[in-house]
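J.: Take a look at the following structure, please.
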Amino acid sequence: MSSAVPLLVRPSEVIAEPAAPRGITIPRPAVPAGLVRAARTTTTTLVRITKPLLAFALLLGAWELAPRLGLVDEVFLPPFSVVVQAFAELTANGQLGEHISASLTRSITGFSIALVIAVPVGIAIAWYKPVSDFLNPVLELFRNTAALALLPVFVLILGIGETSKIALIGYATFFPILLNTITGVRTVDPLLVKSAVSLGFSPLRLFQKVILPAAIPSIFTGIRMAAAGSILVLIAAEMVGARAGLGYLITAAQQNFQIPQMYAGIAAISLIGLGFNFALVALERRLSRWRTSPTDA
6 MSSAVPLLVR
16 PSEVIAEPAA
26 PRGITIPRPA
36 VPAGLVRAAR
46 TTTTTLVRIT
56 KPLLAFALLL
66 GAWELAPRLG
76 LVDEVFLPPF
86 SVVVQAFAEL
96 TANGQLGEHI
106 SASLTRSITG
116 FSIALVIAVP
126 VGIAIAWYKP
136 VSDFLNPVLE
146 LFRNTAALAL
156 LPVFVLILGI
166 GETSKIALIG
176 YATFFPILLN
186 TITGVRTVDP
196 LLVKSAVSLG
206 FSPLRLFQKV
216 ILPAAIPSIF
226 TGIRMAAAGS
236 ILVLIAAEMV
246 GARAGLGYLI
256 TAAQQNFQIP
266 QMYAGIAAIS
276 LIGLGFNFAL
286 VALERRLSRW
296 RTSPTDA
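Quick note, the sequence shown lines up with residues 6 to 302 if you use our numbering.
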């Protein structure tokens with residue numbers, strides 16, 4: 006009877022699992038392209054928001070520290086926190102809202118009148134040479150006359166009330182919109198026009214589908230310039246003769262030596278200007294969605 010002999014196996018003789026051939030990597034699960042694109046968009050958006058916020062933080066920090074450190078006279082440039090407190094007080098007692106409402110009513114009314122007139126006139130001048138030859142001499146004469154230089158004329162003819170201020174704003178905002186409309190229509194790519202004509206577009210359809218969309222960026226440049234100009238001209242007009250409005254608030258605060266209230270009025274003007282610009286940029290992007298941005302190319 007044979008005895009059982011134990012089977013001895015050396016460690017080196019143990020059969021191992023076959024390894025992957027050299028030069029071949031095991032594929033990892035792929036990250037969805039949409040997720041990568043969303044992460045990049047989020048990062049880009051955060052960078053775009055952080056940069057201006059950092060600049061504003063540095064500016065406001067310098068404004069706060071300069072008077073407190075004695076770099077400037079605190080009487081003539083109060084710290085930012087003091088201006089914020091004055092802004093809050095004017096808002097709480099309703100004075101700031103009343104002045105903003107008066108200024109916005111005048112500014113938007115004059116700006117709207119100029120917009121409604123300037124865009125059609127600019128298109129007519131750019132599109133029809135007889136209209137251009139007829140109107141250009143008169144427009145060039147008034148274009149080179151500063152709006153504030155005509156303020157006494159508007160007051161003498163239209164009175165010191167609301168009509169003269171609205172007319173002055175309309176006059177000041179008319180020419181930026183007009184000139185940029187003319188430029189936008191005249192600089193449309195001729196190949197686009199020829200292609201549309203060869204496809205049988207009628208003049209109305211040509212203008213609707215080709216001319217106006219291509220001219221929108223230039224027109225909105227003029228509109229944004231006019232919006233900023235409308236606020237500046239209005240403030241100057243309100244400083245001369247008004248009983249309400251941000252220009253009146255700034256002048257009255259200066260005369261009564263209420264310096265924080267004066268800076269609060271200036272800050273309100275800046276915020277209104279930023280709001281106007283933001284709204285117009287958003288509207289331009291909505292109307293120009295057909296354009297390819299550099300990031301999409």
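By construction, the Cβ of each residue, glycine as well, lies at the ideal position given by its N, Cα and C atoms.
#1: How is Ser207 classed by DSSP in three states: helix, strand or coil?
#2: Quick check: what's the CA-CA separation for Glu79 versus Pro72?
#3: With DSSP run on the structure shown, which of helix, strand or coil describes Thr150?
#4: Whole angstroms are fine: how far does the CA of Ile118 sit from the CA of Lys199?
#5: Determine whether the beta carbon atoms of Gly234 and Met244 lie at a separation below 8 angstroms.
#6: Looking at the unbroken alpha helix (DSSP H) that takes in Tyr133, where does it start and where does it end?
#7: Could you give the C-beta distance for Pro83 and Ile264, rounded to a whole number, given that I count them as a contact under 8 angstroms?
#8: Taking all protein chains shown into account, decide if Val238 is buried (16 or more other Cβ within 10 angstroms of its Cβ) or exposed.
#9: Under the three-state reduction of DSSP, which class applies to Val10: helix, strand or coil?
#10: If we count Cβ pairs, one from each stretch, closer than 8 angstroms, do we get three or more for the stretch 198-212 versus the stretch 156-167?
#11: Count the other C-beta atoms from every protein chain shown that fall within 10 angstroms of the C-beta of Thr49, then say buried if there are 16 or more, exposed otherwise.
#12: Express the C-alpha separation of Gly250 and Leu236 in angstroms, rounding to a whole number.
#13: Give a yes or no on whether the C-beta atoms belonging to Val136 and Ala129 are separated by under 8 angstroms.
#14: Which residue wins for smallest C-alpha separation from Asn185, given the options Ala231, Pro208, Arg111 and Leu196?
#15: Alpha carbon to alpha carbon, how far is Glu69 from Ser86?
#16: Gln213 to Ile277, Cα distance in whole Å?
#17: Along the alpha helix (DSSP H) that carries Lys214, what are the first and last residues, could you check?
T.: Let me spell this out:
#1: coil
#2: 5 angstroms
#3: The answer is coil: DSSP assigns Thr150 none of H, G, I, E or B.
#4: About 34 angstroms.
#5: No, the pair does not count as a contact, with Cβ atoms beyond the cut-off.
#6: DSSP places Tyr133 outside any alpha helix (DSSP H), giving it a letter other than H or E.
#7: 6 angstroms
#8: Val238 comes out buried.
#9: Note that Val10 scores 48 on pLDDT, short of 50, meaning its location in the model is unreliable; the coordinates nonetheless yield the value given after this. Coil at Val10, not helix or strand.
#10: no
#11: Result: exposed.
#12: Looking at the sequence shown, residue 236 is not Leu but Ile. When rounded, the distance between both Cα atoms is 11 angstroms.
#13: For the pair Val136 and Ala129, the CB atoms are nearer than the 8 angstroms cut-off.
#14: Ala231
#15: Glu69 and Ser86 have their C-alpha atoms some 7 angstroms from each other.
#16: 33 angstroms
#17: Lys214 -> no alpha helix (DSSP H), and no H or E assigned at all.
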